[in-house]
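Have a look at the structure below, then the notes.
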Amino acid sequence: MKFSALLTSAGINIGLCVLFLSLYSVLRKQPANVRVYFGRRIAEEHGRLRGSFILERFVPSTGWIVKALQCTEEELLHTAGLDAVVFNRVLVFSIRIFSLAALLCVFGILPLHYFGQDMLHQRIPSESLDVFTIANVEVRSRWLWVHCVVLYIISIVACILLYLEYKRIARLRFLHLTSATPNPSQFTVLVRGIPKTAKESCSDVVDNFFTKYHSSSYLFHQVVYKVGKVQKIMTGAKKAYKKFKHFTDETVDQGCRTITYRCCLCGASSNSFKLLNTECEQKRGKADNVPSLNLDGEECTSAFVFFKTRYAALVASEIPQTSNPMKWVANLAPEPEDVYWSNLWLPYKQLWIRRIFTLLGSIVFMFLFLIPVTFIQGLSQLEQLQQKLPFLKGILNKKYYITQLVTGYLPSVILQIFLYTVAPIMMLFSTLEGPTSHSERKRSACCKVLTFTVWNIFFVNVLSGTVISQLNVLSSPKDIPVKLARAVPGQATFFITYVLTSGWASLSSELMQLFGLIWNVIRKYVLRMREDTEFIPSFPYHTEVPKVLLFGLLGFTCSVLAPLILPFLLVYFFLGYVVYRNQLLNVYRTRYDTGGLYWPVAHNTVIFSLVLTQIICLGVFGLKESPVAAGFTIPLIILTLLFNQYCRNRLLPLFKTFPAQDLIDMDREDERSGRIDEIHHMLHSAYCQFPDTGDVPLEKIKIIGGDEEQGSSSGESTDKEPCENPKNDLSHPTLKGLPVNRLRHAVKSITFLIRLQKRGLSSEQKSG
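Taking our numbering, I'd label the letters of the sequence shown as residues 7 to 774.
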């Protein structure tokens, strides 16, 4: 690739960034887009924007950048949670280490590459990008010791910064644990694999077991019920209520004539929405035929068990309960808002089978993705593409700007389009594994997406991108350093364009919220629907964390070999620091938090990147026949691995479990202050399996008109109150106040709507 092609790609992406940033600074000021760009603040702070005409609303500004930079880490922690702070620290670490790397490599190593051989240089726009890589350095060059020294400096500083960040986040995690607000999950253990018996119910089995073996610390329990159909009915009833919410305290007249609406697109009338006369269900006495719910037959082999102290819950979750490790499996429960209820009733014995199948599915998908990557690899290597497709040779030779576009911009754009399918598929695989919490599912998807992108973006592109070549490399692991040393400098040009396209442009797209903006326009002006004030998205850690870590991997591996990538990476990290802070403060709502568990993922990825960089440099020094530089690189690899092992022993256990000393101190403090009784009372309503069933006031929608009033006008109709069900409400000791009566009401309302639809279809068929 020529340097001019890189400039073409950079110019396109810079133009897109400036355009998107300018549009964002204008669109965020419009009252119609307040739900798109200030979703979290509107939902939590109940703020509003002024709707009057102000000239400032239509002028681009940089005020949002200043506000994002002025936000302190404490404010970010309070607003978006510890995971947001961890993500922010990953960006800060990247800015620090790559600022140092850019200073050393651009001014120290890049001139050595450019003048590495005695050759006649052309004008810089006409130069090949290979002259800026280590491939342009002569064999047995006496300047290779500079590369070795710079590699040592970058590795040592990266390890120091990693350790400082690890300690900082461990301290924040401790503060998160000892927060003033008691966390119900610290007193709760999720037990799975409960053995079933024919004589006793699951609830009695759990109560007898923990009363016998944990009598001093056991408080009570709550069995999980497999009520998927009930949940679907209640969710549907709630959605139906939301759609008719504007009828609150009003009357729906069944005796009125057909109502027509104007189409928002063409303006034509439509009679698809009709209010038909129907029979009143309550007058016919059909309410008594509603089947009752048999909850006892829907008990699962999972339960939440509550303990009197945090320490007792920790001990119960860390030790096996029986000699059979597949029964009575106890783990600390996730936070109430984090529970993934639909996976709790999965049999525990199925989980290992599910993990095997999802692993196989991920591997198959990874190899299927080689097809587009191979095609993209051909676009970046234009000479090979012309040999395979001779008819393109004349077109590409005549049109110089087309050549620059094809080699400099098009490959990374196509790859980015295909990558949009990766995150949803990996999230599906993570869901099928059976996680018990939303945060665990998202973190599992994050690890899968990270592994997928590192393999397909880095290794597949470096190792020529064909399946046969990959298998040949894997069959001879000892040749991997040499193959990487030969291939990485040649692929540095593609990585630079990938940073421009997937980095700069994706940040601009994230800031603009293109999908949310388009859906907001369609919802308001095409579908004429009211704004959904409750749905606020959560931050997509499973896509953004792998992206940032992948760019860090590219920065480390190319810093010494192809330093030209570092300025583009620095721009990405600086821009990402501002953009992501703005999005976390204004757009996304934090519903659940892992407590900083994304940092071990980031730490392991950085260590992997450092070791991989050192191995590649070892191969390069071997190819350049520099035994001194190669010899000094081997101790550096060993020292990096020893540092990682020290961090695993010193700091990683703090992210796996909670210190017993701190938990005991917290329990004693609660007992001294008298808060322990209040905490125990709070646990009774902490884990509610039906959180959305108490706010569906369907009785506010009144139905008038019926068989007796079909001939009368709507103004002469009278209200018909629904008949009360003579059956008593069902109740269960572990389900506090299950609204079965309201559920029956919801079922009747949904049945009423379905019959309306069927009558409308039958009348249309008869008229037709």
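C-beta: ideal position from N, C-alpha, C; glycine also.
Being a predicted model, the structure only gives us computed values, none of them experimental.
Per the coordinates, the alpha-carbon of arginine 179 lies some 6 Å from the alpha-carbon of glycine 601. Where leucine 116 is concerned, the enclosing alpha helix (DSSP H) starts and stops at 116-120.
For tyrosine 594, same chain residues with a beta-carbon under 8 Å away, outside a window of 5 residues either side, are Gly45, Arg46, Ala86, Ile542, Pro543, Ser544 and Phe545 in chain order. Judged by DSSP secondary structure, arginine 198 falls within the beta strand (DSSP E) whose first and last residues are 194-198. Judged by beta-carbon spacing, leucine 576 lies beyond the 7 Å limit of alanine 107, meaning their Cβ atoms are not closer than that value. If one requires a minimum length of 3 residues, the beta strand (DSSP E) runs lying completely within the stretch 315-360 are 335-338, in chain order. C-alpha of phenylalanine 501 to C-alpha of cysteine 564: approximately 9 Å in a straight line.
According to the DSSP assignment, leucine 82 belongs to the alpha helix (DSSP H) that extends over 79-86. Between the stretch 142-151 and the stretch 618-636, the count of C-beta pairs closer than 8 Å reaches three or more; the two stretches touch. Between leucine 82 and valine 98, the alpha-carbon positions lie close to 14 Å from each other. It is roughly 28 Å from the alpha-carbon of valine 197 to the alpha-carbon of glutamate 675. Fully enclosed beta strand (DSSP E) runs of no fewer than 3 residues occupy 194-198 of the stretch 175-225, in order along the chain. Distance between glutamine 620 and phenylalanine 424, taken at the CA atoms: about 31 Å. A contact is defined here as three or more CB-CB pairs under 8 Å, and the stretch 157-170 fails this definition with respect to the stretch 580-591. Distances from the CA of cysteine 154 to each of Gly680, Tyr426, Cys623 and Leu438 were compared; the closest alpha carbon is that of Cys623.
Annotated three-state conformation of cysteine 306 is strand, per DSSP. Non-local C-beta neighbours of threonine 364 in its own chain, meaning closer than 6 Å and more than five positions away in sequence, comprise Phe435, Leu438 and Glu439, ordered along the chain. The beta carbon of tyrosine 317 lies closer than 8 Å to those of Ala666, Leu669, Ile670 and Asp673 in the same chain, with the five residues before and after it left out. Distance from the CA of leucine 183 to the CA of cysteine 23, rounded to the nearest whole angstrom, comes to 40 Å.
By the neighbour-count criterion, in which a residue is buried when 16 or more other Cβ atoms sit within 10 angstroms of its Cβ, glutamate 206 is exposed. DSSP places glutamine 228 within a strand segment (E or B) once states are collapsed to three. Taking the Cα positions, cysteine 208 is about 28 Å away from serine 445. In chain order, Val585 and Gln589 place their CB closer than 7 Å to the CB of glutamate 516, counting only its own chain and leaving out the 5 sequence neighbours on each side. With 16 or more other CB atoms across the displayed protein chains lying within 10 angstroms of its CB, tyrosine 693 is buried.
Counting other Cβ atoms within 10 Å of its Cβ, glycine 69 stays below 16 and is therefore classed as exposed.
Cβ contact annotation for leucine 616 (same chain, cutoff 7 Å, sequence separation greater than five): Ser161, Ala164, Phe562 and Thr646, in chain order. In this structure, DSSP gives phenylalanine 500 a helical state, which the three-state scheme calls helix.
Under DSSP, valine 311 shares a beta bridge with Val195 and His227. When only Cα atoms are considered, leucine 135 and proline 117 end up about 13 Å apart. Setting aside the 5 residues that flank it on each side, tyrosine 346 is surrounded in the same chain by Pro441, Thr442, Ser443, His444 and Arg447, each with a C-beta closer than 7 Å to its C-beta; the list follows chain order. Distance from the CA of valine 335 to the CA of proline 342, rounded to the nearest whole angstrom, comes to 19 Å. At the C-beta level, alanine 493 and valine 532 stay beyond 7 Å of one another.
About 59 Å separates the Cβ atoms of threonine 307 and isoleucine 140, ruling out a contact at the 8 Å cut-off.
With respect to the 7 Å criterion, glycine 509 and tyrosine 578 are classified as neighbours on the basis of their beta carbons. Annotated as distal: proline 569 and cysteine 77, with beta-carbon spacing of 7 Å or more.
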